[in-house]
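In my numbering, the protein residues as written are 24 to 194.
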């Protein structure tokens, strides 16, 4: 019989990721929490870069309307500086954190949402075995909520929804 871990899934909101003190406090709290998977947002940074690039910042029903150009910004920010900031804070707090996007290792798969949101998706599959392998190796996965659809197109996934899907898959 395999090892069973009790795992916490924590979502860190993207509006606070630029606050080093807040991120450090979260990381310290998570250090004592036992095995944890962190899913993070990054909306504030996505908004800022989109505006700098002259791209639209539009939200409807709490979801970002994601054109192909905005999807590139989402992937760049979430899998890049946003993910890195969380990983660095966790490592400073003593956790052996590793950053991933949902694309990496086929971790997440999504389907595009209807309703004119563009490249916005809902999680259809979580490769829980990948997360379990990382956790059993003593690593703390930090997940950026970008997930490919069946054709490989990266979709922007709401971080709350991604965290819920990860938690359900790890039950």
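Don't be surprised by glycine CBs; every beta carbon is placed ideally from N, CA and C.
Secondary structure of residue i, DSSP reduced to three states
i, result
"residue 104", "helix"
"residue 135", "strand"
"residue 52", "helix"
"residue 83", "strand"
"residue 74", "helix"
"residue 64", "coil"
"residue 94", "helix"
"residue 167", "strand"
"residue 36", "coil"
"residue 178", "strand"
"residue 31", "strand"
"residue 160", "coil"
"residue 129", "helix"
Contact check, residue i vs residue j, beta carbons under 8 Å
i, j, result
"residue 62", "residue 34", "yes"
"residue 89", "residue 141", "yes"
"residue 166", "residue 125", "yes"
"residue 30", "residue 158", "yes"
Among the options, nearest to residue i - alpha-carbon criterion
i, options, result
"residue 147", "32, 185, 164, 154", "185"
"residue 103", "65, 80, 120, 131", "65"
"residue 106", "193, 28, 37, 191", "37"
"residue 52", "154, 118, 192", "118"
"residue 187", "151, 160, 87", "151"
"residue 95", "113, 72, 160, 86", "72"
"residue 68", "50, 101, 162, 57", "101"
"residue 128", "155, 114, 113", "155"
"residue 168", "135, 112, 131, 59", "131"
Assumed close pair residue i, residue j - CB separation to whole angstroms, cut-off 8 Å
i, j, result
"residue 181", "residue 97", "11 Å between Cβ atoms; not a contact."
"residue 116", "residue 54", "4 Å"
Backbone CA spacing between residue i and residue j [nearest angstrom]
i, j, result
"residue 171", "residue 48", "32 Å"
"residue 80", "residue 137", "19 Å"
"residue 144", "residue 189", "15 Å"
"residue 60", "residue 74", "31 Å"
"residue 46", "residue 57", "18 Å"
"residue 78", "residue 99", "14 Å"
"residue 208", "residue 40", "Examination of residue 208 is not possible in this model, given that the chain is present from 24 through 194 alone."
"residue 111", "residue 76", "27 Å"
"residue 149", "residue 87", "22 Å"
"residue 43", "residue 191", "30 Å"
"residue 123", "residue 164", "7 Å"
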